[in-house]
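Heads up, the thing below is written out as structure tokens.
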Amino acid sequence: MKTYILLPRMKRGMLPEEFQDDDVRSAEFLLEYFIEHFTQPGDTVFDPFAGFGTTLLVAERMKRIPFGIEADERRYGYTRSKLTMKDNIILGDSRKLDTFPLPNIDFVFTSPIFMGCDETKNPLSGFKEYGTYQVYLDQIQDIFRKLDAFLNPAARVVVEVYNLAPRDGRPMTLLAWDMTYAISKVLRFEKEIIACWQGVDDENTGETPMGVGYDHHYCLVFVKD
Ligand SMILES: C[S@@+](CC[C@H](N)C(=O)[O-])C[C@H]1O[C@@H](n2cnc3c(N)ncnc32)[C@H](O)[C@@H]1O
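Going by this note's numbering, the letters in the sequence shown line up with residues 2 to 226, in that order.
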């Protein structure tokens, strides 16, 4: 497996109008690439931050069994409406992952909600609770610790993340490094694979798919020992 992937300019279906300003979806190409590489038809594929369901929908299309958790009711409703296995997405908080009826899991692909190091509202609570960046990282670590109990031996866990560029006077957040470190305490870190978006933002203006000033993401690969 190469340690970088060149991704074509993204083409994908539009979300309904109500979600279009908030399109945080992962690229389907990334999902196809990792699901093909790390799973077989019939395997269970899980995303604890399911969002608009890219992981689940691509997995289902590729004849894997999708499972996911999403805290936002509207996104949950959208994903559920698109899935054939509608009951395989749970509306809930992944911080309570150990309380949900999950199966044994063969593969995880997820992109957690991100937090800047200068923020004080914890995004894992829907921005309702006060929480420092360290609290956020501790809770991310705890989610993956809970996830570990459901993983089959040698299951891979891929976390898509990027560092948050400094902007509008705000500091840079080394989220990719910090998340690697936090999760590596509970799952063995195997390698990072860099996903580069081609032809999207040649001047690095910030108009990347995620609008962060970079044209690459990190796909952190962890493995269940
Ligand atoms: C970056 S988005 C994931 C997007 C997804 N990969 C897709 O393609 O649509 C992160 C998601 O995590 C959800 N989320 C945030 N905190 C959560 C929590 N504590 N438990 C479950 N989901 C959560 C957010 O509502 C958001 O939809």
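All C-beta atoms, glycine included, are put in the ideal place defined by N, C-alpha and C.
This structure is a prediction, so every number in the text was calculated from the model and none was measured.
Can the beta-carbon of residue i be found less than 8 Å from the beta-carbon of residue j?
i, j, result
"G54", "K87", "no"
"Q140", "R96", "yes"
"T56", "I194", "no"
"E74", "L103", "no"
"I106", "F151", "yes"
"L98", "V162", "no"
Considering only heavy atoms of ligand 1, does any lie closer than 7 Å to the CB of residue i?
i, result
"I141", "no"
"A196", "no"
"V25", "yes"
"L125", "yes"
"F53", "yes"
"T56", "yes"
"P113", "yes"
"D22", "no"
"S185", "no"
"A177", "no"
"I70", "yes"
"R96", "yes"
The alpha helix (DSSP H) that contains residue i, what's its start and end?
i, result
"F39", "E29 to F39"
"K147", "Y134 to D149"
"D179", "L176 to S185"
"E74", "E74 to K83"
"A60", "T55 to R62"
Checklist entry - Taking contact to mean at least 3 C-beta pairs separated by less than 8 Å, is the stretch 123-131 in contact with the stretch 158-177? => result The stretch 123-131 is not in contact with the stretch 158-177.
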